[in-house]
Amino acid sequence: MRLHQTIAFRTAWVITRSAADAEEAAQDGFVKAHAALPRFREGSPFRPWLLAIVANEARNRVRGAGRRVRLAQRVAEERRPDDAVPSPEAALLDSEQRDELLAAIERLPQPAREAIACRYLLELSEEETAAALDCARGTVKSRLSRALERLRVELGEAEA
Amino acid sequence: MTELERRLTQLGRELDWPETPELAGGVRARVEAAAERPGRAEGRRARRRLLPPAGLRRSLAIALVGLLVLAGGVFAAVPSVRDAVLEFFGLQGATIERRDELPAAPEFRPLRLGERTTLERARESLGFEPLVPSAAGRPDAVFVKREVSGGELTLAYRARAGLPEAGTTKLGLLVGEFRGDLHPQYLGKIVAETTSTERLRIDGARAVWIEGAPHLFFYRPPDSDFAEAELRFAQNVLLVERGDLLVRLEGAFGRERAIELTRSLR
Numbered sequence: 011m012r013l014h015q016t017i018a019f020r021t022a023w024v025i026t027r028s029a030a031d032a033e034e035a036a037q038d039g040f041v042k043a044h045a046a047l048p049r050f051r052e053g054s055p056f057r058p059w060l061l062a063i064v065a066n067e068a069r070n071r072v073r074g075a076g077r078r079v080r081l082a083q084r085v086a087e088e089r090r091p092d093d094a095v096p097s098p099e100a101a102l103l104d105s106e107q108r109d110e111l112l113a114a115i116e117r118l119p120q121p122a123r124e125a126i127a128c129r130y131l132l133e134l135s136e137e138e139t140a141a142a143l144d145c146a147r148g149t150v151k152s153r154l155s156r157a158l159e160r161l162r163v164e165l166g167e168a169e170a
Numbered sequence: 062m063t064e065l066e067r068r069l070t071q072l073g074r075e076l077d078w079p080e081t082p083e084l085a086g087g088v089r090a091r092v093e094a095a096a097e098r099p100g101r102a103e104g105r106r107a108r109r110r111l112l113p114p115a116g117l118r119r120s121l122a123i124a125l126v127g128l129l130v131l132a133g134g135v136f137a138a139v140p141s142v143r144d145a146v147l148e149f150f151g152l153q154g155a156t157i158e159r160r161d162e163l164p165a166a167p168e169f170r171p172l173r174l175g176e177r178t179t180l181e182r183a184r185e186s187l188g189f190e191p192l193v194p195s196a197a198g199r200p201d202a203v204f205v206k207r208e209v210s211g212g213e214l215t216l217a218y219r220a221r222a223g224l225p226e227a228g229t230t231k232l233g234l235l236v237g238e239f240r241g242d243l244h245p246q247y248l249g250k251i252v253a254e255t256t257s258t259e260r261l262r263i264d265g266a267r268a269v270w271i272e273g274a275p276h277l278f279f280y281r282p283p284d285s286d287f288a289e290a291e292l293r294f295a296q297n298v299l300l301v302e303r304g305d306l307l308v309r310l311e312g313a314f315g316r317e318r319a320i321e322l323t324r325s326l327r
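This is the structure:
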């Protein structure tokens with residue numbers, strides 16, 4: 011269970027944007043998954059199945075938009091992918107680009123935003139993203155394609 | 062992967078995700094609570110899965126016959142029991158039996174803690190005033206078993222500093238409380254020869270500290286079939302009498318910490 015609890019909790023958080031709701035959703039998801047284990051098809055991948063249950067619990071908890079924490083409020087300013095210490099100018103540039111990207115994600119419609127968050131921020135596979143968002147893989151592909159195109163336009167990176 | 066996709070992936074790795082809470086203890090307790098609720102198909106299925114295998118039930122039945130005989134005061138009349146039981150003593154609400162060989166039991170069994178509730182609601186429904194170890198803070202989960210007269214309270218604490226995770230419960234601390242005067246032998250323990258068992262007095266209250274090799278632990282609900290009573294391994298345990306209550310603290314902590322927790326019961 012510990013193997014999956016972080017990804018389950020974060021997937022629930024992407025949907026609820028509330029740590030308390032995400033914790034409840036993940037916990038309920040695990041409990042329901044345990045009860046449904048006899049119906050789990052042996053040989054199928056476990057993680058998409060689990061994430062589908064947890065994400066469904068998370069969606070049941072989304073109540074109003076006012077309580078959501080914005081992704082932009084949760085960027086770890088001090089974290090970098092490597093241990094290199096950036097120059098102040100580079101850090102500022104990085105920070106601006108990151109904020110810009112986050113703001114652009116926030117402006118996406120909810121289905122597109124969740125698809126981007128699951129597929130790229132959480133690094134779920136297409137199959138896992140489809141399970142978490144309760145849609146077909148084809149739908150995930152088309153949502154992602156449109157969302158990426160819109161982000162490029164927002165960021166002024168669209169090809170002429 | 063395009064440059065934008067790469068940047069998005071990198072952004073996810075830099076995002077300050079909220080800290081993932083420890084879910085295992087709560088999930089386990091709720092799975093157990095679901096298994097206990099009668100009348101629900103899901104619970105019935107879970108309960109069937111939780112029953113010990115036939116071989117274990119036989120071993121348990123043999124051990125319980127030993128306890129019944131001891132409780133009946135006919136110890137000397139049954140040589141086979143006398144041979145197997147090396148030591149026997151008890152507190153109000155609990156019996157502890159030392160044996161040269163433990164019956165087989167699964168290493169881990171889901172805990173049967175009863176119905177999840179809050180401390181406030183538990184206080185209203187129990188036949189006693191709940192005690193909380195203030196040294197551990199507020200419990201992460203509260204459960205009440207109502208089939209026991211007076212009720213049985215369980216406080217569950219996740220592992221944290223000063224409360225290391227116990228292999229038997231996957232929790233930092235489990236506190237159980239019930240009216241020992243109403244159930245003189247409700248809780249049973251079977252300890253192996255290698256398990257250290259020490260009688261203590263904590264501020265005048267009688268107590269027993271059980272440490273070392275995991276020992277078997279079971280409840281004997283009133284009017285239940287003993288062969289299907291709960292039997293599981295427990296880690297370090299302090300049993301202490303507090304007035305009419307028997308309080309049981311289980312965890313991976315040591316004796317001094319257990320005494321400190323007991324002294325903080327309010």
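In order, the protein sequences belong to chains A and B. Counting in this note's numbering, the first sequence runs without a single skipped number right up to 170 at its last residue. Counting in this note's numbering, the second sequence runs without a single skipped number right up to 327 at its last residue. The C-beta atom is built at its ideal place from N, Cα and C for all residues, glycine as well. Owing to the predicted nature of the structure, the values given are computational and were not obtained by experimental measurement.
Compute the Euclidean distance between the alpha carbons of residue i and residue j, then round it to the nearest angstrom.
| i | j | result |
| --- | --- | --- |
| B/Glu64 | B/Ala85 | 38 Å |
| A/Ala62 | B/Arg91 | 20 Å |
| B/Val130 | B/Gly87 | Note on B/Val130: pLDDT 29, under 50, position unreliable in the model; the coordinate value appears next. Cα to Cα, the separation comes out at about 38 Å. |
| B/Asp242 | B/Asp305 | 6 Å |
| B/Gly312 | A/Arg147 | 46 Å |
| A/Arg27 | A/Ala141 | 19 Å |
| A/Ile126 | A/Gly39 | 22 Å |
| A/Leu47 | B/Gly265 | 50 Å |
| B/Arg219 | B/Glu75 | 28 Å |
| B/Gly73 | B/Thr323 | 45 Å |
| B/Trp78 | A/Arg108 | 15 Å |
| A/Lys151 | A/Ala45 | 32 Å |
| B/Leu174 | B/Arg240 | 16 Å |
| B/Val203 | B/Leu234 | 12 Å |
| B/Ser195 | B/Thr178 | 19 Å |
| A/Ile25 | B/Ala217 | 29 Å |
| A/Leu131 | A/Ser54 | 25 Å |
| A/Val163 | A/Ala113 | 13 Å |
| A/Ser5 | B/Gly315 | What the structure shows of chain A is the stretch from 11 to 170, and residue 5 of chain A is not part of that stretch, so it cannot be assessed. |
| A/Glu167 | A/Phe50 | 44 Å |
I think residue i touches residue j, with their Cβ atoms under 8 Å apart; what is that distance to the nearest whole Å?
| i | j | result |
| --- | --- | --- |
| B/Ser186 | B/Gly211 | Not confirmed; about 10 Å, so no contact. |
| A/Cys128 | A/Thr21 | 7 Å |
| A/Glu110 | A/Leu165 | 6 Å |
| B/Arg318 | B/Gly223 | 7 Å |
| B/Thr70 | A/Glu133 | 6 Å |
| B/Glu181 | B/Val205 | Their Cβ separation, rounded to whole angstroms, is 12 Å, which puts B/Glu181 and B/Val205 out of contact at 8 Å. |
| B/Gly238 | B/Val308 | Before going further, note that residue 238 of chain B is Glu rather than Gly in the sequence given. Yes, B/Glu238 and B/Val308 are in contact; Cβ-Cβ is about 5 Å, under 8 Å. |
| A/Arg57 | A/Glu138 | 6 Å |
| A/Ala36 | A/Phe19 | 5 Å |
| B/Thr256 | B/Val269 | B/Thr256 to B/Val269, Cβ: 11 Å. No contact. |
| A/Arg153 | A/Pro121 | 6 Å |
| B/Leu192 | B/Leu326 | 4 Å |
| B/Gly228 | B/Gln296 | 6 Å |
| B/Glu302 | B/Arg267 | 5 Å |
| B/Ala183 | B/Leu214 | 6 Å |
Which residue or residues does DSSP assign as beta-bridge partners of residue i?
| i | result |
| --- | --- |
| B/Phe239 | B/Glu213 and B/Leu307 |
| B/Asn297 | B/Gly312 |
| B/Tyr218 | B/Leu234 |
| B/Trp270 | B/Glu259 and B/Leu299 |
| B/Arg177 | B/Phe204 |
| B/Leu326 | B/Pro194 |
| B/Leu224 | B/Arg221 |
Using 9 Å as the limit for Cβ to Cβ distance, is residue i near chain B?
| i | result |
| --- | --- |
| A/Ile126 | yes |
| A/Val150 | no |
| A/Phe50 | no |
| A/Arg71 | no |
| A/Trp59 | no |
| A/Ala86 | Bear in mind that the predicted position of A/Ala86 carries a pLDDT of just 47, short of 50, making it too unreliable to give a figure here. |
| A/Glu116 | no |
| A/Glu33 | yes |
| A/Leu143 | no |
| A/Thr16 | yes |
| A/Ala29 | yes |
Within the 9 Å Cβ cut-off, does residue i reach chain A?
| i | result |
| --- | --- |
| B/Arg262 | no |
| B/Thr178 | no |
| B/Val298 | no |
| B/Glu65 | Looking at the sequence provided, one finds Leu at residue 65 of chain B rather than Glu. Chain A contact via Cβ: present. |
| B/Leu174 | no |
| B/Leu69 | yes |
| B/Val269 | no |
| B/Val236 | no |
#### Entry: Near-chain A residues of the region 218-230 of chain B - C-beta to any C-beta below 7 Å
The residues in question: there are none.
#### Entry: chain A contacts made by the region 71-90 of chain B, where a contact means CB separation under 9 Å
Those would be Gln71, Leu72, Gly73, Arg74, Glu75, Leu76, Asp77, Trp78, Pro79, Glu80, Thr81, Pro82, Glu83, Leu84, Ala85, Gly87, Val88 and Arg89, in chain order.
### Query
According to a CB-to-CB cut-off of less than 7 Å, which residues of the region 37-48 of chain A neighbour chain B?
Answer set for the region 37-48 of chain A: Gln37, Phe40, Val41, His44 and Ala45.
### Query
When Cβ atoms are compared, which residues of the region 150-165 of chain A fall closer than 7 Å to chain B?
Listed by position along the chain: Leu158, Leu161 and Arg162.
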